[in-house]
Each structure stands twice: as structure tokens, then as C-alpha cells.
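Before any comments, here is the structure.
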Amino acid sequence: MKFEKVLFHTQFRAHAFNSLKTLFRLKACGLKEIVLVYVIPRETVGFVPYGGFLKEEEQRIRKQIKCRFESWQKAVEKAGMKCTVRIQTGILNASILKIAENEKVDLIVTGAKKRTLFEKIYVGSHILDILRRSTVPVMMGRYMVQFETEDGVLSRKNDQIFQRPLLATDWSPPSERGLAAITAFRGIVEEAMVVHVIDAKLTKGVNASRMKALDKKSRQRLDAYCARLEKENIAAESHLCIGRPVSEILRISRETEATMIIIGRTGKDWMEEYWLGGVSHRVAEISELPVLLVP
Amino acid sequence: MRSLLLAAAMILLCFFLASPQVLAANSASAIVTASTETGSPAGDAQIHTQESDARHLSKDGAAHGNSGHVNLGELLPIWSCIPFACMLLSIALFPLLLPEFWHHHFGKIAAFWAACLGIPFLIAYKWIALHEILHIILADYVPFIILLWSLYTVSGGILLRGSLRGTPAVNTLILAIGTLLASWMGTTGAAMLLIRPFLRANKDRKNRTFMVVFFIFLVANVGGSLTPLGDPPLFLGFLHGVSFFWTLKIFPHMLLVVGLLLLVYFFLDAYYYRKERPSGKISDEPRELLRLEGYHNFLFLLGIVGSVLLSGLVDLGEVNTFGIHRAVQDWARDGLLILMGVFSMVTTSIRIREDNDFTWFPIIEVAYLFIGIFITMIPCLLILKAGSDGALAVLIDSVKKPYHYFWVTGALSGFLDNAPTYLTFFNTAIGSFYAGLPESEAVPLLMSERAVYLAAISTGAVFFGACSYIGNAPNFMVRSISEEAGTPMPSFFGYILKYSLVFLIPVFIVVTLVFF
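First to last, the protein sequences are chains A and B. Once you know that position 242 of the first sequence is 377 in the working numbering, the rest is easy, because the numbers rise by one and skip nothing. Once you know that position 422 of the second sequence is 412 in the working numbering, the rest is easy, because the numbers rise by one and skip nothing.
Written out as C-alpha cells, the structure reads:
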């Protein structure tokens, strides 16, 4: 896996530029080009009821965005990478996926919006749709976040996101690719954590000897993962636990001071994903850290 | 702006409350209430009358019957139609004068005009007004929006891929196919299915504006005249009792208009094609084979046709919903239409919809605007149904001949939305010829004895919807898509002066001479 070309989608929310700057470190791992993307939602300028298309408004927005991107472009170029800008009118998620396909990017980075209760119940946001459908890894960036813990609401600044990645694995092929993603970050990773959570639901009624065997097998697999990382000169530690996968992953990410969560996309069918959300999507949804979803 | 609108509402409220007719209506309601409260046999009789009137009303859509009860159509003053006029004027003028403001606030504007009518109407006429509002929502608005939604959803799942070369023959063929499809998948559905392939086929052509305008004429309007599925006005007619196949009677009218327009289009296109060829560059892009994706949605379209047809053929009795009696088959039809839409959503790949640039926004717009239109049009419809006893007697008395109906319905349809205009003149005809008769009896008579009038109203509403961008909902969608794709479109007045007056009006004169 390589990250030579990255698509960075923004809606110019707070800290979006800082979030972009966190990607500059990827240059050390071979990043050559950043494609800055802004999508003008079609309904903002099109389908004026009984009117038509607000051509001038669209041009005004384009100009405004182009102008805002200029300083970003300079910053990217100053960091020694190529930068292209794509401003497109259309459906947000479809446009991002199409641009990613046309530009043949290796990674999509998109911001996460703080969601209302209704949005939380109704999982089908644009961003989750991108996570669900992308054929390349998608990173849900979070630069400055507030999150609730037992000690109250805390703030967190994610400015060194590649320093301590945490890989949550379920041994699936996407998890394997997640491991490959960490190796692609070689050189900027200080230490990686590899986590496997044995779902508590699956251990009900399982006798002690089988449990022990499962534990042993999981530890062996985790050690194998760590060994592969260490072979690439990346320090790694493993964590095995039993519980609810989402909450355990989040707990360990906090305990180990992880800076990013890498997780393979769960292969549920779209109906299940849409209404219930897989572990990967729930983690992406809830975590205060940037989450890299690997298909 | 906000305070101006508030002031308008307050003035309207004062007028309503001070109106002598309202006082009369209130005392009539008071008598009903008093006798109900005493529990006397007379009171029972009154309740019975009111219930049976309500049943009449739900079935016929007529204003409260004829016996011992308030006939709102005879009482309502002409200025109670002001919110309706303002609603339609808002649709006509805001997109032209303040497009951005309109784009962001059209829902609030529609709600405002609905409230302008609804609040004073409810205060003045209480339960009768509530009944009228609920009736128009449940019997007209809900099925209307459900049909539009299902057609929009299902047709949005069909995608025509591939590249065509925009020669005059190919373009004329696309227009002819679109015109034929429009009656079965709705003008919106047919327009959305074909506009992008049509634009793609002609992207190398220099003069594309007239092509899109003729597309609006034929596919987005005239083509929808054969069935109630084709164009919203005809569906409203169907909801009010016009039989499903009656509209086939206007096939000759449609054939004449389509024939003339296609002929003119072909020659115009051939002229420009020849003119452009020497300098016209041929695209280097590889040609993609023409193919239809999501074609299983045609099954759901058939389901929609079947559901609507079925609701006109079977009688499963009535059901009371919030005091409004609606036929069971109408609810069943609405349910089936929703089901067709849901099936289409579930079975169609999201990529097809995305490649179709499918978005819910246009249908949401229509839903917002039409709730305003339907509520504000209540007084207008009631007055017109009262015939020469209503405040619009002058209009009813002056619109007499079929060609009057054709041109007046048409002229208003061109600049106001054609669905409410159709309903207005549909009621004018009922008021003129069958005043006092319940709708269930009047409409069959109108279809048989005065078919030429109904044909004039139907063709006027459907054909003239093409006269301006605001005549029919798909017009603005086609315009929006074309402008986004880089096809320059004429301004509001440019469209009327350069195209409608030049091509449509002469054709309509021929229609008048031949049929009316």
C-alpha cells in the first residue's frame, strides 16, 4: 500500500486547514500530490423552484472557494508537494467518489461533522456513505474535538495523527490491509498498537478450555501482526480483550494514547450497514480520533 | 419584508372577521352547535345533515351541500382569493426578481400564504374551514404528491447511457420518444430520463438552446396529455372523477400539436445542422454504445399505471379519516404508489441514481409549494363551484365557449402553475353547467354532454404549460439541468418572446380552429 496521491475534501469547517497540515507529514512516506476538493451541493445553486440554475451564484461560490484554496495550495506546494484543486457542483458523496476515481487517489480524507441526535439515529450521512462505498481507504479527519468521558467533557487536538496508530483487527482481509497501511506510514510512526477484541456475545456459553484456546490463538495472531510491523522497523504492542468491540476499541485508544484508529471496513450488507452500522462505522462515528477505514 | 408580510396577514384576518358573510356563517354554525348541545331531535337532524353533507363533500369535493347548511362558495368574498393569487404571483415573480431569496425561502413564503388564508379562514368558519382544509389535503394534495413522488422516484432509477450523435433525425426521434413516454411516466419522469442523453448527444452542436426549448414544449408538457399520469392537472381531474381513459379523447389534439411542433423542429434543426457542419467539430471521444440501465423500473411504472387505473375501476367502499370520507381504493392506490417508489429505491443501484444526478430536492420543492397552493386555492374553488351564486359569477358568465375555456385556462396555465389553473376552470365549468349538482353527478355529465369543454380545459392546461418556465414543474428542472450542462437558455421573457409566441401560439390557434 502506498499513499502518493491524497484527496482532501473540505467544507471549510473550523480547523480544516490544520487538518490538512497534519497530512504534510505523509511526504516522508512518499506523498506527492494533494487534490483539494470542494463540492457545491447542487441544491444550493440548482433547481430554483420555477426558476432555473443560479449561474452567477455558482460562479461566485467557485471564485470564493478558489480564492480560499489559493493559500492552501501555496502551503501544500511550500511543503514540497503538488496540489490540484477540484471544485464541482453535484451530489456531495457521489462527487467525492467520482473525483477519487478519476484522479486515481490512494486515500480520501474528509472531515467529520458533529451530528445531531436525529443524524445519529439515521446513520445515512454523506460521509458514512463515502466510508461505505469507497474502494480506497478513507480517513475521517478530526483536528480539534470535544468528547465525553467519565471525567467530563474533554478537548483534544489531533495534530500528530500518524505518531501512534492503533489497528483494530478482526483478522479479516481489510484488517490485513490496515496493517499494510501502517507499514506505508513507516518513518513517521513512533509506535503502533494492534488490538483484537473478542466479542463478549460470542463467548457466552463457551467453556473455559475453549476460551483459553481462543485466547492463545488470538495472542499468537496478534504477536504475528506485531512481528510483521517490527520487521518494518515499527515498534508495536498488542492488546487483547473481551467485551463490546466498539467501546473496547475506544477504551484502548484512550489508554494507549493512540493518535489514530485504523480499522478494516466490516463487510455487512448495505441494509445492515445503513441502519445499524458496522463496528468500523460506529468507531468512525464515535471516536475523538481520526479514523482510517480500509476497504 | 417580514413585517410587510405580517401586515398583509393581519389585514386579511381583519377583513375576514369583519365580513358580513362571516357573521352570517357564524350564526348559522352557532345554531348548529346550540341544537347539538341541547340533544334535541332537531339537533340530531342537524348533525345528520352535516354528516351527510360531509360525505357528499368528501365524495364530490363539493362545497357543503344544498340542504340547510352553510354553502361557503356562496358566502366567501372575492378577496378571499387574494392569498391564492399572491401564492401564484410569488411563484411567477420571485424566481424572476429575487431568485436567490426565493431559492432559500420559498418554503416560508408558501407557508406564509397558506397561513394568510388558513388562520383567518379557521377563525371565521371554524369546523367547516377545518373540514375544507383537511379535505383538500387528504383528497387532493396527498395523492397528488404521492403520485409525483412515485413517478419521480421510479423514473429517476432509469438511466440511458451511451452516446448519440445529435443529428436532426436523432433529435427528432428523441423528442418523439419522450413525447410518447411522457403520458405514461409523467412529464417530469420522461424529461428527467431523456434530458441528459439529449444534451450529451448535442454537446458538440453550436445552437442548442432551441433544442432544449422544444424539449420543454414536447416532452415536459404536450406529451403528458394522454393519461392522468402524464401531467398533474389531468391527475387532479382524475381525482375529481374524470375517468382514466377519458383523456385519450384528446389524442387528436395532441397529435396535431406534436406533429406541427416536430415538423418545425426538424426543419429548424436541419437548417442549423447544415449551417454548423463546416465549422462544427466532431468529438474525439470514443462512442459508447447506447444502453438502458435500471430498466426493471419500467415494471414499477407499470405498477403505478395499474394502481391508478385500479382506483378508477373498483369500488371498495369508504373510510373516514379525520372526518373526511375517502374511498378505500384511493388509499390503496396511494399505498401501492408508495410501495412502487420504495421497491424502486431498494432495487436500483445508487450509482444509477447518482449518474442520473438524482436528488430529492425538486420533489421536496414541489411538496412545499403545493401545500401552499392547495390551501390558498380553497376559497377560489368553492366560489367557482357555487356558479353564478358565487362572487366569481362574472368570470363564469363570461367564459362560455369551448375556445374561451381553452384560451383562458391556457393563458393562466402559462404563467401560473397549470395544476391549480386546471382545477379552477374545471370547477368553473361545473359551476356554469351543473351548479348545485354534486361533483359525482356533475363530472360524468361534463365528460359526456360537455366533453368539448373538458377537452378545452385539459388541453389548455397541459399545452399552455409550455408557454413559460413557470407553466409546469419540469420546465424549470430541464432549464436548470441544461444551464448546468452549459447550454445557454433564454431569459424568462426571452423564452416567451422568441419561442412561445413564435412557435406555440400559432400552433394553438390552429388547434382552436380545428377543435374548438
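Glycine included, each C-beta is placed from N, C-alpha and C at the ideal position.
Proximal chain B residues relative to residue i, where beta-carbon distance stays under 9 Å
i: A/G413; result: In chain order: nothing, as chain B lies at least about 18 Å away.
Closer than 8 Å at the beta carbon, the chain A residues around residue i
i: B/T349; result: R177, E178, F182 and I226
i: B/R190; result: Within chain A, no residue comes near B/R190; the closest Cβ sits about 16 Å away, beyond 8 Å.
Cross-strand partners of residue i (DSSP beta bridge)
i: A/S373; result: A/V329
i: A/C218; result: A/I169
i: B/M437; result: Looking at the DSSP assignment, B/M437 forms no beta bridge with any residue, so it has no partner.
i: B/N310; result: B/H315
i: B/F396; result: BP columns for B/F396 are empty, so no partner.
i: B/I486; result: DSSP lists no partner for B/I486.
i: A/I243; result: A/L142 and A/V273
i: A/E283; result: A/V288
i: A/T224; result: A/I175
CB contact check: residue i to chain B, cutoff 9 Å
i: A/K190; result: yes
i: A/Y173; result: no
i: A/R400; result: no
i: A/I262; result: no
i: A/E212; result: no
i: A/R277; result: no
i: A/R268; result: yes
i: A/Q199; result: no
Residue from the options with nearest C-alpha to residue i
i: A/T391; options: A/D334, A/T338 and A/S373; result: A/S373
i: A/V429; options: A/Q194, A/S310, A/H144 and A/F152; result: A/S310
i: B/L238; options: B/A432, B/I118, B/S448 and B/T414; result: B/S448
i: A/T157; options: A/P300, A/P308 and A/Y278; result: A/Y278
i: A/V329; options: A/R177, A/F159, A/L349 and A/I398; result: A/I398
i: A/K217; options: A/E168, A/I243, A/K201 and A/F188; result: A/E168
i: B/N61; options: B/L371, B/G455, B/G400 and B/F207; result: B/L371
i: A/E420; options: A/S344, A/D358 and A/V381; result: A/V381
i: A/K190; options: B/A104, B/L79, B/I373 and B/S481; result: B/S481
i: A/I396; options: A/Q295, A/N237, A/Q208 and A/S344; result: A/Q295
i: A/N153; options: A/R363, A/E383, A/N293 and A/L385; result: A/N293
i: A/A163; options: A/R177, A/G215, A/K347 and A/I200; result: A/G215
i: B/A100; options: B/L436, B/A383 and B/F360; result: B/F360
i: B/L326; options: B/P133, B/A191, B/E308 and B/G450; result: B/P133
i: B/L137; options: B/T217, B/N197 and B/I386; result: B/T217
Listed by chain order, chain A residues near residue i by CB distance under 7 Å
i: B/S448; result: Those within 7 Å of B/S448 in chain A number zero; the least Cβ separation is about 22 Å.
i: B/E344; result: I226 and A229
i: B/N352; result: Asn is not the amino acid found at residue 352 of chain B; the sequence shown has Pro there. Correct list: F182.
i: B/F96; result: P184
i: B/L359; result: P184
i: B/E474; result: G181, F188 and T224
Chain A within 9 Å of residue i, Cβ atoms only
i: B/V356; result: yes
i: B/W92; result: yes
i: B/R281; result: no
i: B/L138; result: no
i: B/A75; result: no
i: B/A233; result: The sequence shown places Ser at residue 233 of chain B, not Ala. No, B/S233 lies away from the interface with chain A (no Cβ there is under 9 Å from its Cβ).
i: B/A383; result: no
i: B/R440; result: no
i: B/I185; result: no
i: B/A508; result: In the structure as shown, chain B begins at -9 and stops at 506. Residue 508 of chain B is therefore absent and cannot be evaluated.
i: B/R155; result: no
i: B/P89; result: yes
i: B/R469; result: yes
i: B/I340; result: yes
Neighbour list for residue i in chain B, Cβ cutoff strictly below 7 Å
i: A/Y185; result: I81, P85, Y459, I460 and F466
Under 9 Å by beta carbon: chain A residues contacting residue i
i: B/M182; result: In chain order: nothing, as chain A lies at least about 11 Å away.
i: B/M479; result: G187 and F188
i: B/A242; result: In the sequence on display, residue 242 of chain B carries Pro and not Ala. Those do not exist, as B/P242 stays about 31 Å from chain A at its closest Cβ, beyond 9 Å.
i: B/S145; result: Here the premise fails: no neighbours, minimum Cβ distance about 16 Å.
Residue i: CB within 8 Å of a non-hydrogen atom of the ligand MN
i: A/P309; result: This structure does not include the ligand MN; it has no bound ligands of any sort.
CB contact below 9 Å: residue i versus chain C
i: B/I126; result: The structure shown contains no chain C; its protein chains are A and B.
Complete runs of the beta strand (DSSP E) confined to the stretch 350 to 399 of chain A [at least 3 residues] | For the stretch 350 to 399 of chain A, whole beta strand (DSSP E) runs of length 3 or above, ordered along the chain, are 370 to 378 and 395 to 399.
Segments of 4+ residues assigned as alpha helix (DSSP H) that fall wholly inside the stretch 195 to 249 of chain B = As far as the stretch 195 to 249 of chain B is concerned, its whole alpha helix (DSSP H) runs of at least 4 residues are 199 to 208 and 222 to 229.
Alpha helix (DSSP H) segments (min. 4 residues) lying fully within the stretch 106 to 193 of chain B | Fully enclosed alpha helix (DSSP H) runs of 4 or longer: 132 to 145 and 158 to 191.
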